[in-house]
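K.L.:
This is the structure I want to talk about, given as structure tokens.
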Amino acid sequence: MLLHGKEKIENPQGELKSCGEKMKRIFFVLTLLIMTMAARAEEITVLHYNIKELDSHKIHTCEALFDLGQLEAAGQIIRQISPDFFSINEMQYDLPGVPNSQFKTRGKNVDRFLEKVGVNFKYISFNPANTGMKAKKDENGNYVRKPGPGQTDRFADPVNFGLFPGQYSTAGASRFPIKKEVVLTELPIKAFNPDFDPTKFRQKDGKPLPADMELFDKNFTDITLDVAGEDVHFILLHTVPGFGFGNPNSINPQRNYLQLAFLEWYLTGKTDFPVPRDIGITPLKPGSKFVALGDWNVDSRDENPGAEVINRLGEIFKYWLPTPEVTYRSQSFRPEEFTRQFDYILVGPGFEVVASGAVRPEAKRIERGCKQKPDRPIPPGFVRIRYQNEAGQNCFADVSEDYAVSKTGSDHIAIWSKLRLIR
């Protein structure tokens, strides 16, 4: 006779049999749990977010933008998605002395940013962009972060834009190990397309562009990750804007097209002109698993030549959502919005799109008039914002909280996709 607590158990052998059955049930449940976890490991959530002008000053001093902190707002959106891979555009690659002697770190901005917004990734890809490498300092020996009206061209890099080195760099953060990284910054345009002559185009001051100028004003990054034992390429590209900012002789539309043509060639092995074989870069092998994502700075409906490449890629591979899709709507709280599609997630072989979206809350708003600050109560779920109308008057409105968070986080919309790895 065995005693178990206060119970008297008459049949110990029967109890042993019962324990064996329990162990079998536990083992079965554990097996199901392990299988479920393995299945989840083959589903990954990818997030791309262009966070406006995310520089060292904002990251290290937590500068506020509007009535909410920009980092706090962006962090709410990132935590909401909880991605396994995160592509960040417009993050400054921090260098000592940039923009001034107050800043001393090198390549730590992404770690500091992720820490501040409360998300953790084990593996980081972060490299300096070409942007701003030829920018000029002011009379005090500092780079200018916010020039006065009409002063931008005085300090900005005339070839790759930017007011200070590394200004618009790209970061990738991953929960999966990084096996390999290819980063392209120095490839000349003429090496990729020998028939293209950059000197035919002009800077804003009328000077011709250099013949040896780089293809990428930022950089092109191919990160190979180990996802559940499979090699997956995550390809990050933030292109030059596909418009000239008032310069009729700007190279921007053509450079945007050439950067996207390079992406097309890298993914498929061909584009709409012959690429020399000796450029020292090898496209992906046919059938390679990849996800390409970033701010490609041209709408698929535009007449710019880059839009043609966007549409061709959509005929071969899958976009996370059907294009066109609004991913940019300016950061101003004015009622009228300039909306475009600039950001994309392109899904290559080896993946099934399970779910996708864009964090673009509805623009619920109640106008409260201009000049005088309103004294009416703010409705639940709304916050009060201030903006300037076209006449320069201060105006007020109550907008929904999630809309305010989206606008404060960036002028771009965060886009995401849950993907299932196909073996």
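Numbering-wise (the numbering used here), the sequence shown opens with residue 1306 and increments by one. Even glycine gets a Cβ: it sits at the ideal position worked out from N, Cα and C.
Just mark VAL1545 as buried or exposed, buried being the case when its beta carbon has 16 or more other beta carbons within 10 Å.
P.N.:
Numbered from 1 along the sequence shown, position 240 holds the residue referred to as residue 1545. When all chains shown are included, VAL1545 counts as buried.
K.L.:
Could you check where the beta strand (DSSP E) with PHE1390 kicks off and where it finishes?
P.N.:
The residue you call residue 1390 lines up with position 85 of the sequence shown. 1390 to 1396 is the span of the beta strand (DSSP E), which, as asked, contains PHE1390.
K.L.:
For PRO1610, which option in ASP1703, ARG1560, PHE1426 and PRO1682 has the closest C-alpha, if you only look at C-alpha atoms?
P.N.:
In the sequence shown, the residue the question calls residue 1610 occupies position 305. Considering only alpha carbons, the answer is ARG1560.
K.L.:
Which residues bound the alpha helix (DSSP H) around GLU1620?
P.N.:
Counting from 1 along the sequence shown, the entry for residue 1620 is found at position 315. GLU1620 -> alpha helix (DSSP H) spans 1610 to 1621.
K.L.:
Report yes if the C-beta distance between TYR1692 and ARG1634 is below 7 Å; otherwise report no.
P.N.:
Here residue 1692 is taken as the residue at index 387 of the sequence shown, counted from 1. Here residue 1634 is taken as the residue at index 329 of the sequence shown, counted from 1. For TYR1692 and ARG1634, no; Cβs fall outside 7 Å.
K.L.:
Using three-state DSSP, classify HIS1543 as helix, strand or coil.
P.N.:
Within the sequence shown, the letter at position 238 stands for residue 1543. If DSSP states are grouped into helix, strand and coil, HIS1543 belongs with coil.
K.L.:
Looking at the strands, I want to know which residues DSSP matches up with LEU1726.
P.N.:
Here the question's residue 1726 lines up with position 421 in the sequence shown. PHE1656.
K.L.:
Please report the straight-line C-alpha distance between LYS1712 and ILE1483, rounded to a whole angstrom.
P.N.:
Locating residue 1712 in the sequence shown gives position 407, where the first residue counts as 1. Locating residue 1483 in the sequence shown gives position 178, where the first residue counts as 1. Between LYS1712 and ILE1483, the C-alpha separation is close to 33 Å.
K.L.:
Between which two residues does the beta strand (DSSP E) carrying HIS1353 extend?
P.N.:
Within the sequence shown, residue 1353 is the residue found at index 48, counting from 1. Counting along the chain, the beta strand (DSSP E) containing HIS1353 begins and ends at 1348 to 1359.
K.L.:
Is it buried or exposed for ASN1414, if we count other Cβ within 10 angstroms and need 16 for buried?
P.N.:
For this step, residue 1414 is matched to residue 109 along the sequence shown. Within a 10 Å sphere around the beta-carbon of ASN1414 sit 16 or more other beta-carbons, which makes this residue buried.
K.L.:
If you follow the beta strand (DSSP E) that GLU1672 is in, where does it begin and where does it stop?
P.N.:
Sequence index remark: in the sequence shown, residue 1672 carries index 367 (1-based). Segment 1670 to 1675, the beta strand (DSSP E) holding GLU1672.
K.L.:
Following the continuous alpha helix (DSSP H) through ARG1689, name the residue where it begins and the one where it ends.
P.N.:
In the sequence shown, counting from the first residue as 1, residue 1689 sits at position 384. First-last for ARG1689: 1687 to 1693, but that is the beta strand (DSSP E), not the alpha helix (DSSP H).
K.L.:
Between which two residues does the alpha helix (DSSP H) harbouring ASP1416 extend?
P.N.:
Walking along the sequence shown from the start, residue 1416 turns up at place 111. Taken as a continuous stretch (DSSP letters only), the alpha helix (DSSP H) holding ASP1416 covers 1414 to 1422.
K.L.:
Leaving out five residues on either side along the sequence, give the residues of the same chain with a beta carbon under 8 Å from the beta carbon of PRO1558.
P.N.:
As a position in the sequence shown, residue 1558 is number 253, starting the count at 1. GLY1547, PHE1548, GLY1549, ASN1609, PRO1610 and GLY1611, listed in sequence order.
K.L.:
Please identify the residue among ARG1459, LEU1489, TRP1570 and TYR1562 whose C-alpha is closest to the C-alpha of VAL1603.
P.N.:
If you number the sequence shown from 1, residue 1603 lands on position 298. Closest by alpha carbon: TYR1562.
K.L.:
Between TRP1625 and VAL1449, what straight-line distance do the alpha-carbon atoms span, to the nearest angstrom?
P.N.:
The sequence position of residue 1625 within the sequence shown is 320, counting from 1. The sequence position of residue 1449 within the sequence shown is 144, counting from 1. Taking the straight line from one Cα to the other gives about 38 Å.
K.L.:
Restricting to runs no shorter than 4 residues, where is the alpha helix (DSSP H) found entirely within the segment 1549 to 1592?
P.N.:
1557 to 1573
K.L.:
So, using beta-carbon positions, are ALA1719 and VAL1659 closer together than 7 Å?
P.N.:
Against the sequence shown, residue 1719 aligns to sequence position 414. Against the sequence shown, residue 1659 aligns to sequence position 354. It is not a contact, given that the beta carbons lie outside the stated cut-off.
K.L.:
In angstroms with no decimal places, state the Cα-to-Cα distance between ILE1727 and TRP1570.
P.N.:
Counted from its first residue, the sequence shown places residue 1727 at position 422. Counted from its first residue, the sequence shown places residue 1570 at position 265. Going by the C-alpha atoms only, they are around 24 Å apart.
K.L.:
Could I get the ranges of all uninterrupted beta strand (DSSP E) runs contained in the segment 1455 to 1508, with 3 residues as the minimum, in chain order?
P.N.:
1474 to 1479 and 1483 to 1489
K.L.:
Is GLN1677 buried or exposed, if buried means 16 or more other CB atoms sit within 10 Å of its CB?
P.N.:
Here residue 1677 refers to the residue found at position 372 of the sequence shown. GLN1677 comes out exposed.
K.L.:
Nearest to ILE1356 by CA position, among GLN1381, PRO1629, VAL1532 and PHE1643, is which residue?
P.N.:
Here residue 1356 is taken as the residue at index 51 of the sequence shown, counted from 1. Checking every option, the nearest Cα to that of ILE1356 belongs to GLN1381.
K.L.:
From ILE1349 to SER1555, what does the alpha carbon distance come to, in whole angstroms?
P.N.:
Residue numbering aside, residue 1349 sits at position 44 when the sequence shown is read from its first letter. Residue numbering aside, residue 1555 sits at position 250 when the sequence shown is read from its first letter. Distance between the alpha carbons of ILE1349 and SER1555 is about 40 Å.
K.L.:
What residue from PHE1521, HIS1717, ILE1393 and GLY1592 has the CA that sits closest to HIS1538's CA?
P.N.:
The sequence position of residue 1538 within the sequence shown is 233, counting from 1. The residue with the shortest Cα to Cα distance from HIS1538 is GLY1592.
K.L.:
Between the C-alpha atoms of ARG1459 and LEU1400, what's the straight-line distance to the nearest angstrom?
P.N.:
As a working mapping, residue 1459 is identified with position 154 in the sequence shown. As a working mapping, residue 1400 is identified with position 95 in the sequence shown. Rounded to the nearest angstrom, the two C-alpha atoms are 22 Å apart.
K.L.:
Counting only the same chain and skipping the five closest in sequence on each side, list residues whose C-beta sits under 7 Å from that of THR1336.
P.N.:
Along the sequence shown, one-based indexing puts residue 1336 at 31. Here the model assigns THR1336 a pLDDT of 43, short of 50, so the residue's position is not dependable, and the following value carries that caveat. Cβ neighbours of THR1336 beyond the five flanking positions: none.
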